[in-house]
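So the protein sequences, as listed, match chains A and B.
Using our numbering, the letters of the first sequence map in sequence onto residues 45 to 431.
Using our numbering, the letters of the second sequence map in sequence onto residues 45 to 431.
Where is the CB? At the ideal position from N, CA and C, for every residue including glycine.
Owing to the predicted nature of the structure, the values given are computational and were not obtained by experimental measurement.
2 protein chains.
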Amino acid sequence: MPASPIRRLVPYADQAKKKGVKVYHLNIGQPDIKTPEIVMDAIRNIDLNLIAYSPSQGYASYRKKLAGYYQKKNIDIDENDMIITTGGSEALSMIIGSIADPGDEIIIPEPFYANYNGFAKANAVNVVPIHSDIETNFALPSISEFEKRITAKTKAILYSNPGNPTGYVYSKEEISKLRDIALKHDIYIIADEVYREFIYGDTSHHSILHEKGMENHAIIVDSVSKRYSMCGARVGTIITKNKTLLQTTMKFAQARLSPPTLGQIAAEAAIDTPKSYFTDVITEYKDRRDTLVNKLKEIPGVKVAEPKGAFYIIAELPVDDTDKFAQWLLESYNDHGETVMVAPAAGFYSTKGQGKQQIRIAYVLKKESLIRAAELLGKAIESYNKK
Amino acid sequence: MPASPIRRLVPYADQAKKKGVKVYHLNIGQPDIKTPEIVMDAIRNIDLNLIAYSPSQGYASYRKKLAGYYQKKNIDIDENDMIITTGGSEALSMIIGSIADPGDEIIIPEPFYANYNGFAKANAVNVVPIHSDIETNFALPSISEFEKRITAKTKAILYSNPGNPTGYVYSKEEISKLRDIALKHDIYIIADEVYREFIYGDTSHHSILHEKGMENHAIIVDSVSKRYSMCGARVGTIITKNKTLLQTTMKFAQARLSPPTLGQIAAEAAIDTPKSYFTDVITEYKDRRDTLVNKLKEIPGVKVAEPKGAFYIIAELPVDDTDKFAQWLLESYNDHGETVMVAPAAGFYSTKGQGKQQIRIAYVLKKESLIRAAELLGKAIESYNKK
């Protein structure tokens, strides 16, 4: 198992804090946005005297209500096309376990969410990366690049949309291309759509299940973590219309007995979250994104992949190695007692040597904090390159 | 992945119910005992407006309080010797992933909790069974039987104590023998101690960490599921004083981000459960056990392994195949509109052909229901053998 590239730096952050230095955390995906009031009320009014197992597939009442959410998004599924999981993490783990044997391969455009690597490794499955580039904001690589990598061992293409860590939102055309590859080569498309609601501007989200003919080849990974700012509920979903696959995955679901009961009660309540909650949240994130992108662009030598969704930005810095730089920021730098923690982007690449000058920033802090953090980053780059 | 031996029968139970037949569920480990009031109060009074991720290792406040629980049991550990997991299931999964590579072996006395097989399979690890016998109530097999099975690929011996499905409680002497084997052959002992509190009579629970010199070789799997009747909280624990192992396991913990936040809040509250709760629960289970054992013994040809702990009994029935019998009970049998669902024990053995005449019964129903269920079982055996 690879160590988490972000969490490696945690002890350095702890030490900085012990020395009294304030650390701005640009490294984490834990939103500061409040969970909808309707969710907290459901927990406070819980009508149970026994916290029992739920069915392994998840509560039927929750699955029914959740199916309604997808139907409103024109994703034509019902409560039997899904398994409720312990977060998106378990959804990914179970899917990889279900579709691949040790030694099989999954193609993933890089940079990608670092834990994809962990889940693949835990299943002895090999990740085959395919380069996407900061110059094109990390758009989908060309079909020919995918086809070069498809072998008899290829089981799936996995991507997140909107992208973590890229913030890129795949267009309808790009998703259609993936569909064509999947059907031609009879492989799965695993679409991690947990950031579905976080799209800024006019682009609308195009799901893999909006594509026709993908009943047997599309798998959606979803989660309530980011959508309702309830990461700790640990409630995710596997969605597929492929019944044989779902049966296999149910064996994994049964072995771990059930997803969290309290989290499911919270998640079921969350579906009634008023639209205004999302409007407010999206407005807030859009504002943060615009602020941060502008501030980062002002730093000499910094290149930014302008994100259209999620709440991450990949930035390329004029430093030799962002892993060293990130450690240095915590160990040796401060400006008026303040510094920044960033995630070195090399951990989001599986090709060695890639992303060495890039960092991932999560804009889950308030605007004023983001402005100060960007300022710190600019000053720090200058100091770092002078030493 | 093997299908759950119990859940295979669920559709037959559903059909019986659709026909209006009442089904007594002797097959499930979901206790009917109420969760402590103190736990439900903690949830109702939850003081959060954001359900955030917890640390991957689990909340420090919970780990500290939990360490106190173990210290009272003379298990000398602190909050840094543990990782909080999503139930005992995830604890087992992560441990197997951490100690074994594909093709490695784990020795398990059979019959054993069926999902051990699932977690091993998911990690491409081979289970090496060792026979324990109903005639000795499933006592620990002899040392020489273990040593016959130890190879260069053996990574651990895994057992549950008190036993699921056997109800057997290993003595201090038996646990000491396991310690000797572990130290001699440098392998791990994984002790699933989730039923620790459920011991009837004078035997006291002997933990693997009560043994001296096991700092590097002992791993405890624990869970709040049964102890506080809160299976749906999905909160378990991995305990070991082996720091290198814990570091490896932390990588798995980090990849799945965090255990459930709401469940941990419930579990932390549960530690203050008054002693009277356990006294009442133990009295209730002991009464159920005695009732059920006596009723089963009255059925001609039935052999019972008298359980000393947990809430399971293995019984040997005078039928050709309990898998067929269990299905027949649901499909074709009823007495005044009532029948019984039992778990065929073959699923708890990894050696083919073993346990074919045995069933596992969970006595998690009220006494009157157990009496009626045993009566139904007796009548059904007679009818089954006449057809």
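**Prompt:** CB-CB under 7 Å to B/Gln308, same chain, minus the five flanking residues each way: which ones, in chain order?
**Reply:** Ser98, Gly102, Tyr103, Tyr106, Ile128 and Val279
Would B/Ala418 and B/Tyr356 be called neighbours here (beta carbons separated by less than 8 Å)? no
Where B/Tyr157 falls, given that 16 or more other Cβ within 10 Å makes a residue buried: buried
| query | CB A/Ile282 to CB A/Lys109, shorter than 8 Å? | reply | no
| message | Determine, for B/Asn286, whether the minimum Cβ-Cβ distance to residues of chain A falls below 8 Å. | response | no
Practice item. Give the residues from the stretch 306 to 339 of chain B that approach chain A closer than 8 Å (Cβ to any Cβ), ordered along the chain. Key: Leu306, Gly307 and Ala310
Rounded to the nearest angstrom, what separates A/Gly391 and A/Ala359 at their Cα positions?
14 Å
Under 8 Å (Cβ pairs) to chain B, residues found in the stretch 96 to 118 of chain A: Ala96, Tyr97, Ser98 and Ser100
Expected contact under 8 Å - CB spacing of B/Leu53 and B/Gln298 to nearest Å
Not confirmed; about 38 Å, so no contact.
Using a beta-carbon distance below 8 Å, is A/Thr130 in contact with chain B?
-> yes
Output needed in chain order: residues of the stretch 155 to 173 of chain B with a Cβ under 7 Å from some Cβ in chain A. Asn159, Gly162, Phe163, Ala166 and Ala168
Practice task
Could you list which residues in chain A have their beta carbon closer than 7 Å to that of B/Thr79, in chain order?
Solution key: Asn93, Leu94 and Ile95
Quiz item: Hey, how far is the Cα of B/His380 from the Cα of B/Gln59?
Solution: 17 Å
**Item:** Burial state of B/Gln291, where buried means 16 or more other Cβ atoms lie within 10 Å
**Value:** exposed
Please classify A/Tyr113: is it buried, with 16 or more other beta-carbons within 10 angstroms of its beta-carbon, or exposed?
exposed
Worksheet item: Buried or exposed: B/Gly245, going by 16 or more other Cβ atoms within 10 Å of its Cβ?
Response: exposed
By alpha-carbon positions, which one of A/Tyr56, A/Ser427, A/Lys396 and A/Lys423 ends up nearest to A/Pro173?
A/Lys396
_Please list the terminal residues of the continuous alpha helix (DSSP H) segment that includes A/Ala299._
Lys287 to Ala299
| In the structure shown, what three-state DSSP assignment does A/Pro55 receive? | helix
- Message: Can you confirm whether the stretch 177 to 184 of chain A touches the stretch 332 to 352 of chain A when touching is taken to mean that 3 or more C-beta pairs between the two stretches lie within less than 8 Å?
- Response: yes
Practice item. Examine chain B for any beta-carbon lying closer than 8 Å to the beta-carbon of A/Ile201, and answer yes or no. Key: no
DSSP state of A/Ile343 mapped onto helix, strand, coil:
coil
| Along the stretch 270 to 304 of chain B, what residues have a CB closer than 8 Å to any CB found in chain A? | Ser273, Met274, Cys275, Gly276, Ala277, Arg278, Thr292, Lys295, Phe296, Gln298, Ala299, Arg300, Leu301, Ser302, Pro303 and Pro304
**Q.** Run of the alpha helix (DSSP H) containing B/Tyr97, from where it starts to where it stops
**A.** Where B/Tyr97 is concerned, there is no enclosing alpha helix (DSSP H), given that its DSSP letter is neither H nor E.
Taking 6 Å as the limit between beta carbons, can you name the residues of its chain near A/Phe296, skipping five residues before and five after? Met138 and Gly141
Taking the alpha-carbon of A/Asp331 as reference, which of A/Glu412, A/Ile82, A/Tyr272 and A/Ala262 has the nearest alpha-carbon?
A/Glu412
### Message
Just to confirm the assignment, what range does the alpha helix (DSSP H) spanning A/Lys368 have?
### Response
Thr366 to Glu375
Taking 8 Å as the threshold (beta carbon to beta carbon), is B/Met84 in contact with chain A? yes
Look at B/Glu123 and B/Ala135 and say whether their C-beta atoms are less than 8 Å apart.
no
According to DSSP, which residues form a beta bridge with A/Pro173?
-> A/Ile152
Original post:
If you draw a straight line from the alpha carbon of A/Tyr203 to that of B/Glu241, how long is it in whole angstroms?
Top reply: 46 Å
Fill in: Strand pairing of B/Asp331, partner residues [DSSP]
Paired residue(s): none; B/Asp331 is not in a bridge.
Task: Cβ-based contacts, 7 Å cut-off: residues of the stretch 366 to 400 of chain B near chain D - done: Considering every chain present, this structure includes no chain D. Its protein chains are A and B.
Q: With DSSP collapsed to three states, give me the class of B/Arg107.
A: helix
Could you check whether the Cβ of B/Pro146 sits closer than 8 Å to any Cβ belonging to chain A?
yes
inquiry  = At the level of alpha carbons, what is the spacing between B/Gln115 and A/Ala96?
reply    = 28 Å
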